[in-house]
Each structure stands twice: as C-alpha cells, then as structure tokens.
Amino acid sequence: MYIYYPSCNFAISSPQTAKKVREYLKEKMDIAKCCKIDQRKFNEEDIGIYVCQACRGQIENQVNTMSLWQYLDQLDDFKFPDYHGQKMYLQDCWRDRNHPEIHQAVRSLLKKMNIEVLEIEKNKENSIYCGTLHYENKELKDNHLSHYSKEIQEKYMYDYVQQFQGIQVICTCNRCLKGILLGKGNGIHLLDLVMI
C-alpha cells in the first residue's frame, strides 16, 4: 500500500499546490501526518511516497520509499500540463546525488510536460548544492552555509544563481528552492509546475 508523506515544509511554502496534491492522492493512498510524528506500523509491502528529502531521511529505515516523481512518472492517466518547449534550468539536490532513479524520473516528467531542460555542470551525482543546508565552495570552510551570517548566505546564493542568467530554475527540494530564491534567482518547485 502506498502512503504519501506530504512535506510540512512544502505545505508551508506552497499551500495551494500541497492541497491539490493531497486531494489528488487521497483517492489512491493514505495521507500521512508529519513524518516526524506519524507513528503508523508498516507492512512489508508498504511504500512511503515522499516529495521531501528530509522526509525520506526520516522514514527510509522503516519502510520502502519512492519519490513522488517516480510515482507520477509511472501513471498512465495523469494529465501533465504542456509548457510548449519552454527552456528551464534544472537544479538536482545534493541529497539526491546517490539516487539516479530520481534524476531519471524528474527528467522524464519534464519531457512529458514539454519542458526543455538546461543542464548545469554540477548536477545529478555531481551536485554540490542544497541551498544553505549544503553548498560546496572552496572559499568556505564549512559546507553548511546556514552556519554563516545572513549576509554571507545571501552573497553566496546570489553568486550561485548567476549561472542561470535569470532563466527559471526547477528545484525538486525545498532547501534548494529557498537557496535559489535567497540569491534572487527565478526558482520554482517541480510540484508547482506539475500541479498547475
């Protein structure tokens, strides 16, 4: 049985989309509470569907997991919006660097939505970025940018987003998106594109 973990952080940052996702999925599976307080007992065949890397980290030692991107990609009857070949950058999360199944599913969804993906050099298994949670830069002694002052965080996020040249940046991670927006980038969460 599928169980959807809806991501409290995503629900806060994008409440309308979070509501649409819950409405769509409640006919297909159980909707869990916050991953930190949901105390359900799992069966061997249960699969936890997640949209947030922090949720995955919370549940992956208790239940089999699958990203929402993989779940949506396998559906034959889902009506994807058409973006008519619009070009957008894709930011893969550092926390997904060991999850090629996510990289594949995300790119498949973007193709189904007729989005032309602009790839950056440090993506997929080479990603160095998860917003202020993790950013690999030789000028920084600590990869946790959140340990630095707000001014330093803003400076490094601003410098990072310059590579996107003002073009929209798709993120699959709440922290990645927060970092892009902190740097004044044109970021959007993939779920907001899917559920328009």
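Under the numbering used here, think of the first position of the sequence shown as 55, with each following residue one higher. Quick reminder that beta carbons are idealized off the backbone N, C-alpha and C, glycines included.
Once the 5 residues before and after residue i are set aside, which same chain residues still bring their CB inside 8 Å of it?
i	result
D150	Q107, I156, H157, S181, T226, C227
E170	G139, Q140, K141, M142
L235	G241
What does the alpha-carbon distance come out to for the pair residue i and residue j?
i	j	result
C89	N63	11 Å
D213	G237	7 Å
F218	L126	27 Å
K82	I57	9 Å
A65	E173	27 Å
T186	N240	17 Å
W123	L163	7 Å
V215	E77	34 Å
K95	Q145	35 Å
F132	M167	11 Å
N97	A86	15 Å
Y210	E99	44 Å
Y137	R161	14 Å
One question on the structure: do residue i and residue j come within less than 9 Å of each other, judged by their Cβ atoms?
i	j	result
I250	P69	no
Y183	C109	no
Q207	Q140	no
L179	N197	Residue 179 is actually Glu in this sequence, not Leu. Cβ distance not < 9 Å, so E179 and N197 don't count as in contact.
V105	L245	yes
G233	L199	yes
I252	V75	Because residue 252 is not part of the residues shown, which for the chain are 55 to 250, the question remains open.
D84	M55	yes
T119	H243	no
H188	W148	yes
Using DSSP bridges, identify the partner residues of residue i.
i	result
E170	K141
H188	C184
I57	D84, G102
Once the 5 residues before and after residue i are set aside, which same chain residues still bring their CB inside 7 Å of it?
i	result
S121	Y104, I156, A159
E114	none
Kindly list the residues whose CB is nearer than 6 Å to the CB of residue i, restricted to its own chain and excluding five residues on each side of it in sequence; keep chain order.
i	result
E190	I182, N197
Y143	L172, F218, I221, V223
- Item | Within the region 68-154, ranges of the beta strand (DSSP E) (whole runs, at least 3 residues) | Within the region 68-154, the beta strand (DSSP E) runs of at least 3 residues that lie entirely inside it are, in chain order, 101-104, 118-121, 140-145.
- Item | Whole alpha helix (DSSP H) elements within the region 192-249, 4-residue minimum | Unbroken alpha helix (DSSP H) stretches of 4 residues or longer found wholly inside the region 192-249: 204-215, 228-236, 244-248, given in chain order.
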